[in-house]
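One structure is given here, and the rest of the page talks about it.
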Amino acid sequence: MNRILLADDDVELCGMLKQYLEVEGFQVGMAHDGEATLNQAQTGDYDLIVLDVMMPLLNGFDVLRELRKDSLLPVLMLTARGEDVDSIVGLELGADDYLPKPCNPRVLAARIRAILRREQKQTQHGEETAPPETLTLGDLEIQTGSRTVTLNGEPVAMTSTEYSVLKVLLREAGHVVSKAELSERALGRELTRYDRSIDMHLSSLRKKLGSLANGEERIKTVRGVGYQYTHRV
Amino acid sequence: MNRLFWKIFLSFWISLVLFAGISLLAASLFLEHMRGQDEMESPRDRHISYIEEAQFIAENDGIDGLKSWLRKLDHREAIPFLLLDEHGKDLLERPVSPHLTERLNRKQRSSRHMEGGRSPRHRDLIQLPKGGEYRLVPDFQAVTLNRVLRRPRVIAIPVIVAAIVSGLVCFFLAGYLTRPIRRLSRATHQFAAGDLDLRIASTMGGRRDEIADLARDFDHMAERLQALIGAQKQLLSDVSHELRSPLARLQVALGLARQREQHQANVELDRIEREADRLNELIGQLLSLARLESGTQLSHSGPVDLAALLAEIAESTDFEARAANRQVRIIDSAPATIDANETLLRSALENVIRNGAKYTDENTSVEISLQHDPEHTGWLLIQVRDHGPGVPNDMLTKLFEPFVRVGDARDRKSGGYGLGLAIAERAICLHGGEISASNEPDGGLTVSIRLPLDQTK
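Chains as they are written, first to last, in the numbering used here: chain A, 7 to 239; chain B, 405 to 861.
Right, here's the structure in full:
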């Protein structure tokens, strides 16, 4: 059973969400301020955190920043709708997805499942389905067995979402992948209205990987179509 | 007491007094210097010494020497000295006035009467060694202002003094006055661009005049505005939080109800969910409208590729519209990059296009074009055209007001234009652009957005 940590200062809301998610088959813990969240997250008891931005003591961004120093624990951020700046900051800090709040609990459960599915598929990849393989392109190498990414031999830390997005782009290197396709293949869900999470993950990936050795952009944005990993045949 | 008033008044006044005083002083010093040098105290003494000089030159250099000496003298002296031969003609052939001739004749006659007496007037005779004699005669009546002013020493000294004194005073005065005003105007621009922390009174040094007062007033105003804007932002975020918390609980409660009810009250729950979503959307729109009206968001701006932005919005709205058998297409696009706040511009364009997709008839498409405005150079024109019923002509300008209703049944059903177009209008205005709507003759509404290429306007 998957264990979820709900971090939100609204105690009532947390209680109701816990009830809802338990019926959906999750085991749920709660934290109502930033420090408690951080402490609980670091126990290793949880598979995923649902993290609200507005919290006392430490806000959601601070918690995420602190957490990402030594953990790739999946994080789903809840942000106030319309506060685009918040979601950009959240994703660049390494959140796996974000949902504007207030949100439909059904959507929340679906997003949680999508992240967990992605996470599990990756950790179990080697054992169950396809044999582990190594994708290499220029200075970049991905080992699907150990889920590691190395750039010029140096390992690059990545959240499971960033890893998934990069893997899809790398498999399709030289071809344009639409946002809808990226969303389905990498995030495991349909692209929705006002959905900018793919763009944010891409911006985070670009920041981590930099441009190609010859100065060319590593991942290109193709106007109104999608993204493309630069590859010369 | 108006201190700047006194600064300007005193500096002009003192500089004029200084100018007058220094030029008088310089002139008298110059004259004294000349007197000291030549021991000339009056025109008569000068006359006598010139005669001696002329006699000396006549004996040594002859007539040519005399001519050039006379030319130099004429240049220097305010009083014209004429050197007349026995026929009464000037050596330099300057005109001799009849008064002078008459006076000379009178003198000659009177000297003849005083037979034998060596009249002092005989001393003005200059004799050339080769024969011939001249008289050096001052023509006092020919001393005109014009002639005085034309002598370089007479005119140059005061002019130079005036230029230096007034130049120095004005230079420092102008700098002193305009430097802090320039700083103030820069500060105003920066403040308007969103730098609300800016304060300038401390940069005014030890000034205690109107400009320093103005700087302090600016700081007071900045303080007050910052407090007001801060309070408004705080209010907005409080409202956002306070209204949304119950909404968030409502939505979870709804989810719990669905889990329990097992499809028994689905219609009602769907209704509650729809209304909750609508409420949520309205709160979001109200907040963005309020943020736009406070107008401080433009500070986060950078180059935006409009064609790419439109293509992206068209793609995502098309994706949604297809679910309702409608399309969104770009029919014309030109490369264009402007300096803008991408988030604002995106929401403006998205609202307009989404609105078109909402009202266009089934199986038709919303057509978007981006071009350089053929009627106004330097402007971009974005047009979004739907194939819906359009709106009554008298409503065209009201379309961009918050919560306007066009007033037919279809509108009530779909919830009206709401705030989308009002948000678009504010966002476009913040970028110095304009937005308007018009009905197409063959049906449908066109929303035209004009944006200046150069954002400095």
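Just so you know, even glycine gets a beta-carbon here, dropped at the ideal spot from N, CA and C.
For chain B, is any of its Cβ atoms less than 8 Å away from the one on residue i?
| i | result |
| --- | --- |
| Y52/A | no |
| E41/A | no |
| V29/A | yes |
| M22/A | yes |
| K107/A | yes |
| P80/A | no |
| N65/A | no |
| P161/A | no |
| Q25/A | yes |
| R191/A | no |
| L99/A | no |
On the DSSP bridge assignment, give the partners of residue i in chain order.
| i | result |
| --- | --- |
| S453/B | BP columns for S453/B are empty, so no partner. |
| N843/B | L849/B |
| H776/B | L784/B |
| L141/A | I148/A |
| L540/B | L487/B |
| N8/A | F32/A |
| T154/A | Q149/A |
| T85/A | P106/A |
| I530/B | Y538/B |
| T741/B | D709/B |
| A605/B | DSSP output for A605/B lists no bridge partner at all. |
| G232/A | S184/A and V228/A |
| P161/A | T156/A |
Beta-carbon of residue i versus every beta-carbon of chain A: anything under 8 Å?
| i | result |
| --- | --- |
| V684/B | The displayed chain sequence assigns Asn, not Val, to residue 684/B. It does; some Cβ of chain A falls within 8 Å. |
| V851/B | no |
| Q655/B | yes |
| F723/B | yes |
| S840/B | no |
| S773/B | no |
| A652/B | yes |
| R648/B | yes |
| L825/B | no |
| G847/B | no |
| Q668/B | no |
What residue from the options has the CA that sits closest to residue i's CA?
| i | options | result |
| --- | --- | --- |
| L749/B | D674/B, R587/B, L855/B and G822/B | L855/B |
| G688/B | A591/B, L504/B, E646/B and R733/B | E646/B |
| Q638/B | R695/B, R653/B, R583/B and N684/B | R695/B |
| K534/B | T781/B, E463/B and E436/B | E463/B |
| G58/A | L146/A, D39/A, L188/A and M206/A | Looking at the sequence provided, one finds Asp at residue 58/A rather than Gly. With distances taken between Cα atoms, D58/A lies closest to D39/A. |
| L79/A | V34/A, K107/A and I121/A | I121/A |
| E724/B | A826/B, A680/B and S769/B | S769/B |
| L651/B | D201/A, A13/A, R202/A and P108/A | P108/A |
| L825/B | V851/B, L857/B and A727/B | V851/B |
| L114/A | L73/A, R195/A and G66/A | R195/A |
| L19/A | R648/B, I455/B, Y454/B and H503/B | R648/B |
| S209/A | A42/A, E30/A and A101/A | A101/A |
| V22/A | V656/B, L529/B, D478/B and L691/B | It is Met, not Val, that sits at residue 22/A in the sequence shown. Out of V656/B, L529/B, D478/B and L691/B, V656/B has the C-alpha closest to the C-alpha of M22/A. |
Buried or exposed, going by whether 16 or more other CB atoms sit within 10 Å of the CB of residue i?
| i | result |
| --- | --- |
| F460/B | exposed |
| N759/B | buried |
| N767/B | exposed |
| A841/B | buried |
| E223/A | exposed |
| E716/B | buried |
| N684/B | buried |
| F595/B | buried |
| N755/B | buried |
| T140/A | exposed |
| E719/B | buried |
| R586/B | exposed |
| D201/A | buried |
| S606/B | exposed |
| P31/A | Residue identity check: residue 31/A is Gly in the sequence provided, not Pro. Result: exposed. |
Does DSSP put residue i in a helix, in a strand, or in coil?
| i | result |
| --- | --- |
| T4/A | Any answer about residue 4/A is impossible in this case: the structure gives chain A only from 7 up to 239. |
| K107/A | strand |
| Q25/A | helix |
| P502/B | helix |
| P62/A | coil |
| Y52/A | coil |
| Q636/B | helix |
| L470/B | helix |
| R854/B | strand |
| L70/A | helix |
| G520/B | With a pLDDT of only 47 at G520/B, under the threshold of 50, the placement of this residue in the model should not be trusted; the figure read from the coordinates follows. G520/B falls in the coil class under three-state DSSP. |
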